[in-house]
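Asker: Chains as they are written, first to last, in UniProt numbering: chain A, 1 to 170; chain B, 1 to 170. Below is one structure. I have some questions about it.
Protein chains: 2
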Amino acid sequence: MADPDRAPHAGGESLLFLTDEQLRQGIEAMFFAYRGFTADPDRILATLDYGRAHHRALHFCACAPGTTVSNLISILGVTKQSLNRVLRTLVADGLIESRVGHADKRERNLFLTEAGQELEQRLSDAQRARMRAAYRQVGPEAVSGFRKVLEAMMDPEQRRQYHALRDGRA
Amino acid sequence: MADPDRAPHAGGESLLFLTDEQLRQGIEAMFFAYRGFTADPDRILATLDYGRAHHRALHFCACAPGTTVSNLISILGVTKQSLNRVLRTLVADGLIESRVGHADKRERNLFLTEAGQELEQRLSDAQRARMRAAYRQVGPEAVSGFRKVLEAMMDPEQRRQYHALRDGRA
DNA sequence: CACTTTAGGGCAGCCTTGTTGACATTCCAA
DNA sequence: TTGGAATGTCAACAAGGCTGCCCTAAAGTG
Numbered sequence: 001m002a003d004p005d006r007a008p009h010a011g012g013e014s015l016l017f018l019t020d021e022q023l024r025q026g027i028e029a030m031f032f033a034y035r036g037f038t039a040d041p042d043r044i045l046a047t048l049d050y051g052r053a054h055h056r057a058l059h060f061c062a063c064a065p066g067t068t069v070s071n072l073i074s075i076l077g078v079t080k081q082s083l084n085r086v087l088r089t090l091v092a093d094g095l096i097e098s099r100v101g102h103a104d105k106r107e108r109n110l111f112l113t114e115a116g117q118e119l120e121q122r123l124s125d126a127q128r129a130r131m132r133a134a135y136r137q138v139g140p141e142a143v144s145g146f147r148k149v150l151e152a153m154m155d156p157e158q159r160r161q162y163h164a165l166r167d168g169r170a
Numbered sequence: 001m002a003d004p005d006r007a008p009h010a011g012g013e014s015l016l017f018l019t020d021e022q023l024r025q026g027i028e029a030m031f032f033a034y035r036g037f038t039a040d041p042d043r044i045l046a047t048l049d050y051g052r053a054h055h056r057a058l059h060f061c062a063c064a065p066g067t068t069v070s071n072l073i074s075i076l077g078v079t080k081q082s083l084n085r086v087l088r089t090l091v092a093d094g095l096i097e098s099r100v101g102h103a104d105k106r107e108r109n110l111f112l113t114e115a116g117q118e119l120e121q122r123l124s125d126a127q128r129a130r131m132r133a134a135y136r137q138v139g140p141e142a143v144s145g146f147r148k149v150l151e152a153m154m155d156p157e158q159r160r161q162y163h164a165l166r167d168g169r170a
């Protein structure tokens, strides 16, 4: 109860905005917003008998073509067995191509096929549309703050990967 | 390709910040940040053989004591069968008390027991700690933007519930 | 006052997608 | 060249979504 953030003498917003209630609101906002964030792609995926796991695999294959299973595992934070099941169906359905590694034959390099690119684009478009609408609505100032908070919330390892992906495309 | 957001004449950030690449970064930030957002409570839950679903139930029971199963269902966006399984274990473990409704005996009013409050507090504390650290790091300006974007990303129904919860506590 | 309809809630069973365990292949280093 | 480490695959299991079916209580209707 001696939390300085709740100290009565903290008159300015700079301290007051960290009350438990404010933090709780942020937590709930994150919860509800994430539902919205995934809602549009989820609807498309459902019609194709795919799930969010497939979307994630397609997304990161799209933005890092030729990536390996290992790399995808560390980005997605799942076990290789879990990823493998998803990849297997995507390869079987002709959305992803898995080529045996050139230098290291243990590795598999993953690429989207034309059909894979097409679906990934459809999913991305749906998700971006909502993002774009939100960004437009609140303005660049708010978007900058949004990005800052998200980055500050990541684990260091996740932040590292986030930057690596960005830089890889730049 | 005639996307106005990518128009080369858009010199100011006010238009440029909506490129596909910027939106893609936002999407990935959301993905990585959500992992961080749930990481701390997840660790606690794992030691108790609970999952995120239990955390959610505890959270919304805590902030709306006496709420009904129906209400929880609409907040969480899951089916009653799905919620029921989670509630059953929480009631069996003595973390939640389910009282038959007073006016309408079909309803069940849900309350946290003392043990339930204790666990909810532990989970909340862990999650808030990360949120607090992030908020502190980026400052109130950024936090305000963060909240604005999240709210803009919600579906109207989710936004309505988000506000209802806030107002219910105010 | 019965009698049907509607709503809240519970149980059983299925599916996706996480998990660990066991295994094959490939590479590399002793 | 051989044993260990790394990559990826297959099998089996668990959590938590889902639909379907059922019971009880309330509400509407003759």
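Backbone N, C-alpha and C define an ideal beta-carbon position, used for all residues, glycine too.
1) At a CB-CB cut-off below 7 Å, which residues of chain B make contact with residue 117/A?
2) Residue ranges of each alpha helix (DSSP H) run of no fewer than 4 residues wholly in the UniProt domain "HTH marR-type" (20 to 155) of chain B, ordered along the chain?
3) At 8 Å on the CB atoms, spell out the chain A contacts of residue 144/B, in chain order.
4) Who are the near neighbours of residue 65/B in its chain, counting only those whose CB is closer than 6 Å to its CB and skipping five residues on each side?
5) Just to make sure I have the definition right: I need the residues of chain A whose C-beta is within less than 9 Å of the C-beta of residue 27/B. Which are they?
6) Any idea if residue 149/A is buried or exposed, counting beta-carbon neighbours within 10 angstroms, 16 or more meaning buried?
7) Have a look at 117/B, 139/B, 125/B and 61/B and flag the residue whose alpha-carbon is nearest the alpha-carbon of residue 40/B.
8) Using CA coordinates, which residue listed in 123/B, 89/B, 81/B and 151/B is at the minimum distance from residue 130/A?
9) Within 7 Å (strictly less), CB to CB, does residue 154/A reach chain B?
10) Starting from the beta carbon of residue 158/B, find every residue of chain A whose beta carbon is closer than 7 Å, and list them in chain order.
11) Would you please state the rounded distance, in angstroms, between the beta carbons of residue 165/A and residue 63/A? I believe it to be under 8 Å.
12) If we ignore side chains and look at the alpha-carbon of each, how far apart do residue 119/B and residue 59/B end up?
13) Among 167/B, 28/B, 43/B and 20/B, whose alpha-carbon lies nearest the alpha-carbon of residue 56/A?
14) How is residue 165/B classed by DSSP in three states: helix, strand or coil?
15) Express the C-alpha separation of residue 34/B and residue 95/B in angstroms, rounding to a whole number.
16) Check the Cβ-Cβ distances between residue 134/B and every residue of chain A, and say whether any is below 7 Å.
17) Are residue 134/B and residue 145/A close, meaning C-beta to C-beta below 7 Å?
18) Around the C-beta of residue 22/A, are 16 or more other C-beta atoms found within 10 angstroms, so that it is buried, or is it exposed?
19) Would residue 102/B be called buried (16 or more neighbouring beta carbons within 10 Å of its own) or exposed?
20) If the cut is a Cβ gap below 8 Å, which residues of chain B does residue 172/A touch?
21) Could you tell me how far apart the beta carbons of residue 32/A and residue 154/B are, in whole angstroms, since I believe they sit closer than 8 Å?
22) Drop a sphere of 10 angstroms on the beta-carbon of residue 176/B, count the other beta-carbons inside from all chains shown, and report buried for 16 or more, exposed for fewer.
23) For residue 113/A, which residues from the same chain have a beta carbon less than 8 Å from its beta carbon, with the 5 sequence-adjacent residues on both sides left out?
Answerer: To lay it out plainly:
1) Here the premise fails: no neighbours, minimum Cβ distance about 14 Å.
2) 20 to 47, 52 to 63, 69 to 76, 80 to 92, 114 to 138 and 140 to 153
3) 142 and 145
4) 111
5) 37, 59, 124, 127, 128 and 131
6) buried
7) 125/B
8) 151/B
9) yes
10) 32, 35 and 36
11) 6 Å
12) 10 Å
13) 28/B
14) helix
15) 26 Å
16) yes
17) no
18) buried
19) exposed
20) Absent from the model: residue 172/A. The displayed extent of chain A is 1 to 170, so no value can be given.
21) 5 Å
22) Outside the modelled stretch of chain B, which goes from 1 to 170, sits residue 176/B, for which no answer is possible.
23) 94, 95, 96 and 97
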